[in-house]
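Inspection log for the structure reproduced underneath, given as structure tokens.
Numbering (my numbering), first residue to last: 7 to 176.
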């Protein structure tokens, strides 16, 4: 199997890592070979599940996650979800406003969603990416979606609190 992924130029060095250690770790854990030319990454592998996970790790690093957070995707139940801001706005001003809503003042909104859902959130370019366990990522994505659609921050936090209580009590 082979897949090519385009990542931003400024993320290539992060993907490679110091002395190539990040690239080597992805290759080792995913049993894949990574070819990097300019900002095009080619992933080659034989085992479908590990190949898929390695592709997800490369995408996550390309979307702004640190390698330490991205390699969590090698866990069986950890997933990556990417929300396109183009689905919520069309102008550069829209994108700035939407990113600001998700991040919040001094990062408070993003931090609260991360704490309540145990997910990692990265706002990068025209995307918002979420890494989390399959049981938690839905809540984080719903919270981000609510903010992007204009819900008040307090409403989103209450929604997350209700979801958490429901999950705890079955």
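Where a beta carbon is used, it is the ideal one built from N, C-alpha and C, also for glycine.
- A direct Cα-Cα distance of roughly 7 Å separates residue 119 from residue 149.
- Taken in chain order, the complete beta strand (DSSP E) segments of 3 or more residues contained in the segment 116-156 are 126-130 and 133-139.
- In the DSSP annotation of this structure, residue 47 is not part of any alpha helix (DSSP H); the continuous beta strand (DSSP E) holding it starts and ends at 46-51.
- 73 is the residue among 89, 73, 159 and 109 whose C-alpha sits nearest the C-alpha of residue 24.
- Take residue 29, set aside five residues on each side of it, and the residues of its chain with a beta-carbon closer than 7 Å to its own are 21, 22, 23 and 40, in chain order.
- Nearest Cα to residue 130 within the set 52, 58 and 68: 68.
- Inter-residue distance for residue 125 and residue 147 is about 10 Å (C-alpha atoms, whole angstroms).
- Counting along the chain, residue 42 sits inside the beta strand (DSSP E) bounded by residues 38-43.
- One alpha carbon belongs to residue 12, the other to residue 94, and they sit about 23 Å apart.
- Between residue 106 and the set 121, 128, 167 and 50, the nearest pair of CA atoms involves 128.
- An exposed status is given to residue 158, since fewer than 16 other beta-carbon atoms sit within 10 Å of its beta-carbon.
- Its Cα nearest to that of residue 165, the residue 123 stands out among 52, 82, 57 and 123.
- Per DSSP, the beta-bridge partners of residue 87 are 136.
- Judged by DSSP secondary structure, residue 74 falls within the alpha helix (DSSP H) whose first and last residues are 73-76.
- Secondary structure note for residue 59: its alpha helix (DSSP H) is the uninterrupted segment 54-68.
- For the options 163, 52 and 79, the alpha carbon positioned closest to that of residue 140 is the one of 79.
- A direct Cα-to-Cα measurement between residue 27 and residue 51 gives close to 19 Å.
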